[in-house]
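A quick write-up on the structure given underneath.
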Amino acid sequence: MNKVTIKKCSEYNKNLIKQKIYDIFNSHNFTKKLKKINRVLLKPNLLGSYEPDKAVTSHPTFIVALAEILHDYNIKTVLFDNPGGSSKFKNVIIQTGIKELAEKYNIEILNPSDMGVYKFNTDPQLVISKVFIDSDAIINLSKMKTHSYTLFTGAIKNMYGIVPGAAKANYHKLAPHPSKFAEIVVDIYSHVHKNIIFNFMDGILGMDGDGPSNGNAKKFEIILGSESAIALDYIATKTMGYNPNKVPVTTIAAERFNFDLQNIDVESDFDLDYVLEDVNIRTSKNLNLLLKILSAPFKDFVKYFFWTKPAFDSTRCTQCRKCIRFCPVSALSLPSASKAPVVDADKCIRCLCCVETCPENAVEMQKSFLAKLLM
Ligand code: SF4
Ligand code: SF4
C-alpha cells in the first residue's frame, strides 16, 4: 500500500503509455485486483477549457491508454469531473480533446448537470457529486503541477474536483488561508478515499511556475502510480524539488490517516534520490508564503507594506465576466468605462480563483515593491 512506482515516459504515445501503466500495475500486483472489478469511475483533471499541450488538464491519450487496459480486463470506464470556475463542461471536454477520443474508444462521459449531489452533515457543510460516493472503484488520474495556493496539485488535490463548481469557490470563502484551505481539501478527500483503488500522476508534460493554470508546461517525462494518494503526493513533491514534509495537503492527510511518510517503498527507473532538473517551484513557494503572511492576524499592519492583488490585462480580457461570477466574495466588478474587471482590494481574500478561472490568462497577482523584495 505504501509503495510508489516511477516510470520514465517521454511522449504521449498510446502504446508507450499503456506499457508504462502495465508496468506500474504489475509492480503493485494490481492486475489480480483488476480481475474482480466490472466498472471504474475515472477522475481526471478537467480544470477548464485548455488544449492538452497547455498541461493544465489530463491528456486524452493517457485516458485512452488507461481505458484500453481496463477494457482488456472487461472493465467499463466511466469518466467524470467537475470543471473549475464557471467553465462549461461541454466546452471543457471538447477543448481538452477528451470528447473526440472518448467517443472513438467508447468511454462513457458523465455530465455534471445530470449527477446528483451528496451533502455531508459537517461544519462547514461539504457538498460533493454523489457518483463518487456510489462508485466503489475510482481511479484518480492527476496532473503533476505546481499550485500557488497549496504549493502543489497532485493526487489528493485532484479529488477537490468532486465538489460541484459553484461550491468550490464557497470553500475558499470559508477558509481564506492556504493552510485552512488545505484542511478542507483533505476533508473532501477523506469522504471518498476508501473508494479510490489506484492513483496515477501524469508528469509526461507537467507544469511549473505559477500553477495550476498560469504556469509553464514543462516536460518532466515521468508517470507515477500508487494505491496511496498520500504516498504518491509525498514522492512526487520530493521529485519536483519541494521539501515534501512542508507541503500542507500531504502532511495534513498523513496526520489525519496516521500514515507513516518515512516508510514509503519506491520503485523507480531513476536513482531513489532523483530530483527533476530545473523545475521552477520557487514562484509557488513565494506566493504561498506571501498569502500566508497576509492571512495572519497582524495583516492590517502588514498589508500597508506587503500586498498582492489580482491585476487584469485589458489587452487580453474579453470581458466574459467569468471571474466576476466566480469570485467568492464579490470583490470584482466591470464598470462601463473599463475594459477589464476592477478589484475591491478590501474585499479580496486572495484566493486566486479569478486567476484560475480566466480562460484568457488575463489575470495575475500583482505584488507590492516590498512583497517582491521579500520574495
Ligand atoms: S478578486 Fe480574485 S483573488 Fe480576490 S477574492 Fe475574488 S477571486 Fe479571489
Ligand atoms: S479577466 Fe478573464 S475571466 Fe475576467 S472578464 Fe476578462 S477574460 Fe473574462
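Each residue of the sequence shown is one higher than the one before, counting from 25 in this note's numbering.
For each residue, glycine too, the CB sits at the ideal point set by N, CA and C.
- Per DSSP, reduced to three states, the secondary structure at Q149 is coil, with no helix or strand assignment.
- Classified as buried, Q119 has 16 or more neighbouring CB atoms from the shown chains inside 10 Å of its CB.
- Note on the stretch 66 to 129: whole beta strand (DSSP E) runs with a minimum of 3 residues are 100 to 103, in chain order.
- Cβ contact annotation for K391 (same chain, cutoff 6 Å, sequence separation greater than five): T332, in chain order.
- Beta-carbon to beta-carbon, I180 and V209 are separated by about 6 Å, close enough to satisfy the 8 Å threshold.
- Assignment of N223 by DSSP, reduced to helix, strand and coil, places it in the strand class.
- Under DSSP, A335 takes part in a beta bridge, and its partners are E388.
- Collapsing the DSSP output to three states places Y142 in a strand.
- Placement of the Cβ of R345 at a distance of less than 7 Å from at least one heavy atom of ligand 2 is found.
- Rounded to whole angstroms, the gap between the alpha carbons of A193 and N312 is 18 Å.
- If you compare the alpha carbons of F176, A278, G235, D158 with that of V141, the shortest gap goes to D158.
- The C-beta distance from L65 to A191 rounds to 19 Å, too long to meet the 8 Å contact threshold.
- Residue pairing by DSSP places E291 opposite T29 in a beta bridge.
- Nearest C-alpha to S362 among I373, D47, K346, T339: T339.
- Secondary structure of G230 (DSSP, three-state): strand.
- Beta-bridge pairing by DSSP links F176 to T170.
- C-alpha of L248 to C-alpha of L125: approximately 23 Å in a straight line.
- In this structure, the alpha-carbon of N269 lies about 45 Å from that of P359.
- In the displayed model, L313 falls within a helix according to three-state DSSP.
- Straight through space, the alpha carbons of N385 and P200 are spaced by roughly 23 Å.
- The Cβ atoms of C372 and K346 lie no closer than 8 Å to each other.
- Here the distance from the Cβ of L376 to the nearest heavy atom of ligand 1 is below 7 Å.
- Secondary structure of N240 (DSSP, three-state): strand.
- Considering only E251, E380, I228, the residue with the shortest C-alpha distance to H217 is E251.
- Annotation for E301 indicates a beta carbon at 7 Å or more from all heavy atoms of ligand 2.
- Remark: the C-beta of P352 is outside contact range of ligand 2, defined as less than 7 Å to any heavy atom.
- In the DSSP assignment, R63 is bridged to K100.
- With a cutoff of 7 Å, E380 does not count as near ligand 2, since its C-beta is closer than that to no heavy atom of the ligand.
- Taking 8 Å as the upper bound for CB-CB distance, F176 and T261 are in contact here, some 5 Å apart.
- Taking the Cα of A89 as reference, the smallest distance to any Cα among Y74, K56, I186, E35 is reached at E35.
- Its Cα nearest to that of P334, the residue C377 stands out among L134, C377, N240, K309.
- Remark: C-beta atoms of A253 and I220 approach each other more closely than 8 Å.
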